[in-house]
Amino acid sequence: MALQENIKSYGLRGKGYSIPDNRIIKTTKAIHLLSATAWAGGALAMQALCYLKLTADSPDRVQIIQECLRMVDACVVLPGLAGSLITGLIFSTITSIGFFKYFWIGLKWMVACCAGFWGGMFLGPWGDRLIAWLSGYGLDTPLRIIRSFILPETMWQGFLQLAAIFTMCLISVYRPLSLRRSKRSR
């Protein structure tokens, strides 16, 4: 019973406080960190492969690179995203941190859920079908923009995705409690 209360009280004291002897929290944090690393590393690898695809000189190379993109996505990015979501769900449900108690947690939930939804849509056949259907009505531009974040096809789009990945990393490290500047930092 004391262990359960100890886990539930994790996060009550605020930013930066941890429970040094709790193996459940430490193990969940380790799995979360490894999952986030796989997710971000896979996304960066996919950017490098997309650049190779743009510079490929034969259709055979493009096809091989396309298969590599699918493999990295299926074996690295999606398991990393799933691990991040599952461990985040554990933290949010069994500790006092919750889903939206702090700005940085809510933002991470928003980005992770959007990445999962849109990534699943555009890495499967549904996204392209939806774009093709909406293009008949002239409403395909927003989905093309979202697709460019998920599957960058130019260096500019790759830079934007890289900026989103680094922003998530910095938010995880600095953990801003809100968007407002604190009185201490002035």
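With the sequence shown counted from 1, adding 19 to any position gets you our numbering. Where is the CB? At the ideal position from N, CA and C, for every residue including glycine. In this text the structure is predicted, and so the values were computed from the model without any measurement.
Contact under 8 Å by Cβ, residue i with residue j
i: I84; j: L104; result: no
i: Q66; j: L181; result: yes
i: W137; j: I169; result: yes
i: L44; j: K127; result: In the sequence under discussion, the amino acid at residue 44 is Ile, which differs from the Leu named in the question. No, the Cβ-Cβ distance between I44 and K127 is not below 8 Å.
i: G99; j: S167; result: no
i: G146; j: L158; result: no
i: Y70; j: G155; result: no
Span of the alpha helix (DSSP H), counted from its first residue to its last, around residue i
i: T114; result: Element bounds for T114: n/a, residue is neither H nor E.
i: L126; result: 122-142
i: V95; result: Run containing V95: none; DSSP gives neither H nor E here.
i: R148; result: 145-154
Coil, strand or helix - residue i by DSSP
i: S204; result: Model confidence at S204 stands at a pLDDT of 49, short of 50, so the residue's coordinates are unreliable and nothing is read from them.
i: D159; result: coil
i: A101; result: helix
i: A75; result: coil
i: R166; result: helix
i: K48; result: helix
i: R194; result: coil
Residues of its chain near residue i, where Cβ-Cβ distance is below 8 Å and the 5 sequence neighbours each way are ignored
i: V130; result: A183, M187
i: V96; result: A57, W58, G61, A62, M65, G138
i: H51; result: G102, S103, T106, G107, F110
i: R205; result: Note that R205 scores a pLDDT of 48, beneath 50, so its modelled location is shaky; the value from the coordinates is reported in the next line. So the list is empty, once near-sequence residues are dropped.
i: F119; result: G125, W128
i: V91; result: G61, A64, M65, L68
i: A75; result: V81, I84
Same chain, Cβ closer than 7 Å to residue i, five either side skipped, listed in chain order
i: F141; result: R166, I169, L170
i: G135; result: L100, L104
i: A151; result: none
i: L179; result: F168
i: L206; result: This structure cannot settle anything about residue 206, because the visible part of the chain is limited to 20 through 205.
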